[in-house]
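Participant: Under the numbering used here, the sequence shown is numbered contiguously, ending at residue 347. For glycine and all other residues, C-beta sits at the position ideal for the given N, C-alpha and C. Below is one structure. I have some questions about it.
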Amino acid sequence: MTTDKKPTILIVGAGGFIGGFIAAEALRRGFDTYAAVRESTSRRYLTDPAIKFVVLDYDNPDTLGTALRDAAPAPGGWDYIIYNLGATKAANFGDFNRVNYLYLRNFVTALEDEQLVPSKFLFMSSLSALGPVDEKGYTPIDSKAIPHPNTRYGLSKIKAETFLETRPSFPWIIFRPTGVYGPHERDYLMMVKCIDSHFDFGVGYRTQMLTFIYVDDLVGAMFDALASDRTIHHKYIISEPRAYTQKEFRSIVAKALGGKAVIPVKLPLWAAYIASVVAEKVGVLTLKPSTLNRDKFKIMRQRNWNCSVDDAVRDFGFHADFPLERGIDETVKAYLAEKAQAKATKK
């Protein structure tokens with residue numbers, strides 16, 4: 001009696017918010033699942049005993065290849081790799097280049113040197129790699145947009161994308177997701193906490209159109225893209241296919257919190273910029289990356305985050321099962337459960 005061999009997948013950057021969801025979905029879909037982590041990486045969201053861990057040092061190209069070769073399933077290595085490793089904030093802006101570009105370069109080079117190139121390699125980039133698009137007319141951003149990132153984070157992502165594009169024989173797929181939210185995510189959680197405290201802080205007085213993608217929808221799209229025969233050497237914007245105003249977002253969160261009364265507070269751009277500079281300086285002095293910094297200010301200043309996902313719909317049937325209201329309900333449930341648990345622990 002013979003059994004079919006499970007497809008193998010390596011999740012790079014598995015220890016973070018999104019990584020835990022990718023690993024869970026890989027197991028659910030029947031993959032032999034490997035999680036690449038650093039020695040210091042938390043495994044809080046990687047508790048399933050079926051997960052096989054690969055400990056890597058991305059700063060050391062000399063040992064990276066050996067570690068991958070020793071961990072790789074035979075023959076030929078992993079069938080698929082999802083590269084989710086990256087830094088979204090840094091105390092030193094040079095860390096963006098190191099983590100988001102150099103680590104990818106080291107990793108891909110090691111795969112090639114060790115003859116471990118998978119059949120498909122999905123790289124998680126960002127919508128910020130494109131920079132601002134049509135800030136006046138609010139035309140949806142699509143795959144034809146010419147990248148001109150205006151943040152160090154976005155520059156590091158487009159640099160990584162360009163590196164992959166220089167390797168025409170490497171089977172890359174690039175995702176450019178908009179803002180990802182869901183249980184365990186921290187940046188949007190700050191906004192939820194503010195609204196829970198009856199305040200909602202916005203930046204600038206001109207209308208801002210926001211887009212979101214719930215983590216389950218993003219992860220589902222990853223596996224759908226890997227399964228499609230039309231995705232290699234393509235780049236995809238991933239977003240719920242509609243945009244929201246700040247007022248709509250505030251109303252949805254307030255409703256999920258039980259009908260909270262919320263006071264909207266609009267900060268002028270100059271005040272937000274000063275606050276971002278101060279917070280960034282504090283982060284440098286304390287060696288702790290601040291959520292608010294000059295890069296983040298440019299992201300908050302951008303008015304048009306409206307997206308077109310037509311390419312993803314065409315090539316792998318992308319769909320968002322979690323509109324913002326449903327996704328926020330799930331996110332708030334997790335937040336309130338954590339809040340209740342923390343309160344009980346203090347007693």
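Got a sec? Which residues, its chain only, sit under 7 angstroms from A221 by beta carbon, not counting five neighbours each side?
Facilitator: Residue 221 sits at position 221 when you count from the first residue of the sequence shown. I238, A312 and F318, listed in sequence order.
Participant: Below 8 angstroms, how does it come out for the segment 203–216 and the segment 70–83: are there three or more Cβ pairs, yes or no?
Facilitator: no
Participant: What are the start and end residues of the alpha helix (DSSP H) that includes A271?
Facilitator: Counting from one through the sequence shown, the residue named residue 271 turns up at place 271. Here the alpha helix (DSSP H) through A271 covers L269 to T286.
Participant: Using beta-carbon positions only, say whether Q246 and G202 come within less than 8 angstroms of one another.
Facilitator: Within the sequence shown, the letter at position 246 stands for residue 246. Within the sequence shown, the letter at position 202 stands for residue 202. In this structure, G202 lies closer than 8 angstroms to Q246 by Cβ.
Participant: Taking C-beta to C-beta, are P7 and F31 nearer than 8 angstroms?
Facilitator: The residue you call residue 7 lines up with position 7 of the sequence shown. The residue you call residue 31 lines up with position 31 of the sequence shown. Yes, they are a contact pair.
Participant: How would you label T33, buried or exposed, when you count the other beta carbons within 10 angstroms and need 16 or more for buried?
Facilitator: Indexing the sequence shown from 1 puts residue 33 at position 33. It counts as buried.
Participant: Select from T331, R152 and E330 the residue whose C-alpha is nearest the C-alpha of F297.
Facilitator: As a working mapping, residue 297 is identified with position 297 in the sequence shown. The candidate whose alpha carbon is nearest that of F297 is R152.
Participant: Considering only residues of the segment 130–197, which uninterrupted beta strand (DSSP E) runs meet the minimum length of 3 residues and lie entirely inside it, listed in chain order?
Facilitator: 172–177 and 179–181
Participant: Tell me, please, which residues DSSP counts as bridged to M124.
Facilitator: For the purposes of this step, residue 124 is identified with residue 124 of the sequence shown, where counting begins at 1. DSSP output for M124 lists F175 as bridge partner(s).
Participant: Taking G65 as part of the alpha helix (DSSP H), name the residues at either end of that continuous run.
Facilitator: Taking the first residue of the sequence shown as 1, we reach residue 65 at position 65. Counting along the chain, the alpha helix (DSSP H) containing G65 begins and ends at P61 to A71.
Participant: Is the beta carbon of V12 sitting closer than 8 angstroms to the one on N84?
Facilitator: Stepping through the sequence shown from its first residue, residue 12 is reached at position 12. Stepping through the sequence shown from its first residue, residue 84 is reached at position 84. In contact: V12 and N84 (Cβ atoms closer than 8 angstroms).
Participant: Rounded to the nearest angstrom, what separates D321 and Q302 at their Cα positions?
Facilitator: Here the question's residue 321 lines up with position 321 in the sequence shown. Here the question's residue 302 lines up with position 302 in the sequence shown. If you take the alpha carbons of D321 and Q302, they lie about 27 angstroms apart.
Participant: Thinking Y236 and L324 are a contact (beta carbons under 8 angstroms), I'd like their distance in whole angstroms, please.
Facilitator: Taking the first residue of the sequence shown as position 1, residue 236 is located at position 236. Taking the first residue of the sequence shown as position 1, residue 324 is located at position 324. Not really, about 20 angstroms apart at Cβ, beyond 8 angstroms.
Participant: Looking at the structure shown, is N306 part of a helix, part of a strand, or coil, going by DSSP?
Facilitator: What you label residue 306 is simply residue 306 of the sequence shown in a count that begins at 1. Coil at N306, not helix or strand.
Participant: Mind checking if Y181 is an interface residue toward chain D, Cβ cutoff 8 angstroms exclusive?
Facilitator: Considering every chain present, this structure includes no chain D. It has just one protein chain.
Participant: Give a yes or no on whether the C-beta atoms belonging to A36 and A23 are separated by under 8 angstroms.
Facilitator: Here the question's residue 36 lines up with position 36 in the sequence shown. Here the question's residue 23 lines up with position 23 in the sequence shown. No, Cβ-Cβ distance for A36 and A23 is not below 8 angstroms.
Participant: Would you call Y101 buried or exposed, if buried means 16 or more other Cβ atoms sit within 10 Å of its Cβ?
Facilitator: Within the sequence shown, residue 101 is the residue found at index 101, counting from 1. The residue in question, Y101, is buried, as its Cβ has 16 or more Cβ neighbours within 10 Å.
Participant: Answer with buried or exposed for I263, where buried requires no fewer than 16 other C-beta atoms within 10 angstroms of its C-beta.
Facilitator: Position 263 of the sequence shown, counted from the start, is the residue given in the question as residue 263. So I263 ends up on the exposed side.
Participant: For W270, count the other beta carbons within 10 Å of its own beta carbon; 16 or more makes it buried, fewer makes it exposed. Which is it?
Facilitator: On the sequence shown, position 270 is the one that residue 270 refers to. Residue burial annotation: W270 is exposed, with fewer than 16 other C-beta atoms found within 10 angstroms of its C-beta.
Participant: Once DSSP output is grouped into helix, strand and coil, what is the label at F223?
Facilitator: Here residue 223 refers to the residue found at position 223 of the sequence shown. Helix at F223.
Participant: Figure out for me which residue from K5, V108 and R43 has the closest Cα to the Cα of P118.
Facilitator: As a first step, residue 118 must be located in the sequence shown, where it is residue number 118. If we check each option's Cα against that of P118, V108 comes out closest.
Participant: Please confirm if the segment 150–170 is in contact with the segment 335–346, defined as three or more CB-CB distances below 8 angstroms between the two stretches.
Facilitator: no
Participant: What residue from G154, K159, K288 and F316 has the CA that sits closest to F223's CA?
Facilitator: Numbered from its first residue, the sequence shown carries residue 223 at position 223. That would be F316, whose Cα lies nearest to the Cα of F223.
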